[in-house]
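Residue numbers (our numbering): 685 to 819. Take a look at the structure below.
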Amino acid sequence: MWVSTGLKELVLSNPETSTYTVGRQTLRPVGLNTQWRLYRYTESNRFGPHYDQTARDPSHPTYLGGFTFLLYLSGSTPENPSTLIGGETTFYKGKIGKFTQEMPVAPVLGMGLLHAQGDRCLLHEGSTVKKGSKW
Ligand SMILES: O=C(O)CCC(=O)C(=O)O
Ligand SMILES: [Fe+2]
């Protein structure tokens, strides 16, 4: 998936993602973590505000994660109108209970969202699904 979808090329050609730092180390993305999580949110479900920690892959314990990659399996596209209402991934500028700006990203079927983990992670949440289900 890392190569065949063009993700590798996209990540390595963008100066924002072609390297990342964990502590004092400057690292270069080499692939996707083998451990994926599949979420299904139904009406009124949410994933409260949090920061993503630097992930480790048990199959490759020496590698340190730099980014979280979310892939939306629901949400509207022009060809496929969806019944999902709400369920944005919302990023916040600032700290829990004291944020200054809210940046909601509405799910689009098949869309990927890459964001930083660890010290560079923005406060974010999976906002409440108001109608339908979000995968
Ligand atoms: O479901 C979402 O929109 C956010 C999920 C998330 O923040 C996470 O898996 O860490
Ligand atoms: Fe998260």
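We put the CB at the ideal spot given by N, CA and C, even for glycine.
In the three-state scheme derived from DSSP, where H, G and I count as helix and E and B as strand, Asp-736 is classed as coil. Just so you know, the alpha carbons of Arg-804 and Thr-705 end up roughly 9 Å apart. Between Leu-797 and Thr-812 a beta carbon distance of about 18 Å is seen, past the 8 Å cut, so the two are scored as non-contacting.
Asp-803 has no beta-bridge partner at all, per DSSP.
DSSP, read as helix, strand or coil, puts Val-813 in strand. Contact between the segment 759 to 766 and the segment 725 to 743 is absent: fewer than 3 CB-CB pairs across the two stretches fall below 8 Å. In this structure, the C-beta of Thr-752 approaches ligand 2 to less than 8 Å from one of its heavy atoms.
Judged by DSSP in its simplified three-state form, Val-706 adopts strand.
Note on geometry: alpha-carbon atoms of Pro-791 and Ser-766 lie some 10 Å from one another. Excluding residues up to 5 positions away in sequence, Thr-784, Gln-785 and Leu-807 lie with their Cβ nearer than 8 Å to the Cβ of Gly-778 in the same chain.
Annotation: Tyr-723 to Thr-703 spans about 28 Å, alpha carbon to alpha carbon.
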